[in-house]
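Trainee: Counted the way our numbering counts, the sequence shown spans residues 1 to 95. The beta carbon of each residue, even a glycine, is placed where N, CA and C say it ideally should be.
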Amino acid sequence: GQEAHAALSNVVLMKLDRNKISEIPGTEFLFWCSSLQQLDLSHNRLTALPSDMGLLGQLRILRLGDNRLASLPDSLSDLRELKVLELSQNNLAGF
Numbered sequence: 001g002q003e004a005h006a007a008l009s010n011v012v013l014m015k016l017d018r019n020k021i022s023e024i025p026g027t028e029f030l031f032w033c034s035s036l037q038q039l040d041l042s043h044n045r046l047t048a049l050p051s052d053m054g055l056l057g058q059l060r061i062l063r064l065g066d067n068r069l070a071s072l073p074d075s076l077s078d079l080r081e082l083k084v085l086e087l088s089q090n091n092l093a094g095f
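#1: CA-CA distance, Thr27 and Pro50?
#2: By Cβ distance, which residues of its chain are closer than 8 Å to Gly57, with the 5 residues on each side in sequence left out?
#3: Taking just the CA atoms, how far does Arg18 sit from Gly54?
#4: Helix, strand or coil for Glu23, going by three-state DSSP, please let me know.
#5: Beta strand (DSSP E) containing Leu39: first to last residue?
#6: Going by alpha carbons, who is nearest to Asp52 out of Asp66, Gln38, Pro25 and Ala70?
#7: Specify, as a first and last residue, the run of the alpha helix (DSSP H) that Leu69 falls within.
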């Protein structure tokens, strides 16, 4: 609730690589993390990203390599500050 929001609202770097994560929470979690500038979810088991990833408006670096992603949400185009998008070793098609 409120305590989690307060704790996450100032976080600018989140490293969650190599944790066997298969799913990212959606809207509420992403809204709480709106200050994130770097997010490392590489070397996990992600098969999809939340459709509202665009809520991470401050994000500059997004590392998603070595997952099981088959597609990317359209909302990634809303990440205007994004400078690095690492997607190697996934199952992406249609690029």
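Mentor: The relevant details are as follows:
#1: The residue given as residue 27 occupies position 27 in the sequence shown. The residue given as residue 50 occupies position 50 in the sequence shown. Rounded to the nearest angstrom, the two C-alpha atoms are 8 Å apart.
#2: Here residue 57 refers to the residue found at position 57 when the sequence shown is read from its first residue. Same-chain partners within the cutoff: Ser34, Asp78, Leu79, Arg80 and Glu81.
#3: Here residue 54 refers to the residue found at position 54 of the sequence shown. Here residue 18 refers to the residue found at position 18 of the sequence shown. Approximately 23 Å between the Cα atoms of the pair.
#4: Numbered from 1 along the sequence shown, position 23 holds the residue referred to as residue 23. Here Glu23 sits in coil by DSSP.
#5: Counted from its first residue, the sequence shown places residue 39 at position 39. Gln38 to Asp40 is the extent of the beta strand (DSSP E) around Leu39.
#6: Taking the first residue of the sequence shown as 1, we reach residue 52 at position 52. Taking only the C-alpha atoms, the option nearest Asp52 is Pro25.
#7: Start at 1 with the first residue of the sequence shown, and residue 69 comes out as number 69. Neither: Leu69 is in no alpha helix (DSSP H) and is coded neither H nor E.
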